[in-house]
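Take the working numbering: the final residue in the sequence shown is number 173, and no numbers are missing along the way.
The C-beta atom is built at its ideal place from N, Cα and C for all residues, glycine as well.
What follows is a set of notes on a single structure, which appears directly below.
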Amino acid sequence: MPQEFKLQEALKLAIETEKNVMDFYKRAAEITRDERGKKVFTQLAKEEQEHAGHFFPLYQGADLGSFEDFMATAPQLDSAMLVELEKSLDENVQERKAMEIALREEEELEKNLRLTASKIADTAVRAVFEKMAEETRQHYQIIESEYARLMGMVHETDIDTYVRE
């Protein structure tokens, strides 16, 4: 039987994590020159805000304020993702670096969400974390596809062409 995870702590951490990832994607969109890459990062930022919105109603603490106010707070500049992204600004590979960071972070986040879900006894709350893990997996796949395009790799939509030749 799973042990009960400290639910409110997990929810707060999930909300803060989604906000940090959203801030990362917003910043990545700002520095990305490639229009398609910029659109991908902008869309991912919107989806991260939606993800935080899944958790927010379940969180009973009052320390974050309203959802809108919390999401509008300044980015946490010491978050690992943003620190690494800002370091890459001196290089000529910002878009590639941003996607590499995003791939690592989405993979780690998915793993943490699945671990958290496995420790929650309440099936409804566990389902929220499992849904978030699946959405995170989908983000990873979107970024992976865009990374392949940016790097000039064979895109999955072209695979039939290359396999048949």
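Whole angstroms is fine: what's the gap from isoleucine 151's alpha carbon to alanine 110's? For this step, residue 151 is matched to residue 143 along the sequence shown. For this step, residue 110 is matched to residue 102 along the sequence shown. Near 7 Å, if we compare the C-alpha coordinates of alanine 110 and isoleucine 151.
Could you tell me whether the Cβ atoms of glutamate 114 and histidine 62 are closer together than 8 Å? In the sequence shown, residue 114 corresponds to position 106, counting from 1. In the sequence shown, residue 62 corresponds to position 54, counting from 1. In this structure, histidine 62 does not lie closer than 8 Å to glutamate 114 by Cβ.
Find the nearest neighbour of glycine 69 within the set Leu19, His59, Glu143, Lys54, judged by alpha-carbon distance. Along the sequence shown, read from residue 1 onward, the residue named residue 69 stands at position 61. Of the candidates Leu19, His59, Glu143, Lys54, the residue whose Cα lies closest to the Cα of glycine 69 is Leu19.
Between the region 72–81 and the region 121–136, are three or more C-beta pairs nearer than 8 Å? no
Cβ neighbours of threonine 25 in the same chain (closer than 7 Å, five flanking residues each side left out): For this step, residue 25 is matched to residue 17 along the sequence shown. In the same chain as threonine 25, and ignoring 5 residues on each side of it, the C-beta atoms closer than 7 Å to its own belong to Leu117, in chain order.
Please classify serine 126: does DSSP put it in a helix, a strand, or coil? Start at 1 with the first residue of the sequence shown, and residue 126 comes out as number 118. Three-state result, serine 126: helix.
Minimum length 4: unbroken alpha helix (DSSP H) runs contained in the region 60–143: 75–79, 88–96, 102–126
Cutting at 6 Å between CB atoms, please list the residues of its own chain near glutamate 155, excluding the five before and the five after it. Translated into the one-based positions of the sequence shown, residue 155 becomes position 147. Inspection of the sequence shows that residue 155 is occupied by tyrosine rather than by glutamate. So the list reads Met107, once near-sequence residues are dropped.
Which one of Gly160, Leu66, Ala60 has the shortest CA to CA distance from alanine 141? Residue 141 sits at position 133 when you count from the first residue of the sequence shown. For the residues Gly160, Leu66, Ala60, the minimum Cα distance to alanine 141 belongs to Ala60.
Once you ignore the five residues that flank methionine 159 on each side, which residues in its own chain have a CB closer than 8 Å to its CB? In the sequence shown, residue 159 corresponds to position 151, counting from 1. Result list for methionine 159: Arg104, in chain order.
What do you get for lysine 27, buried or exposed, if any count of 16 or more other CB atoms within 10 angstroms of its CB means buried? Here residue 27 refers to the residue found at position 19 of the sequence shown. Result: buried.
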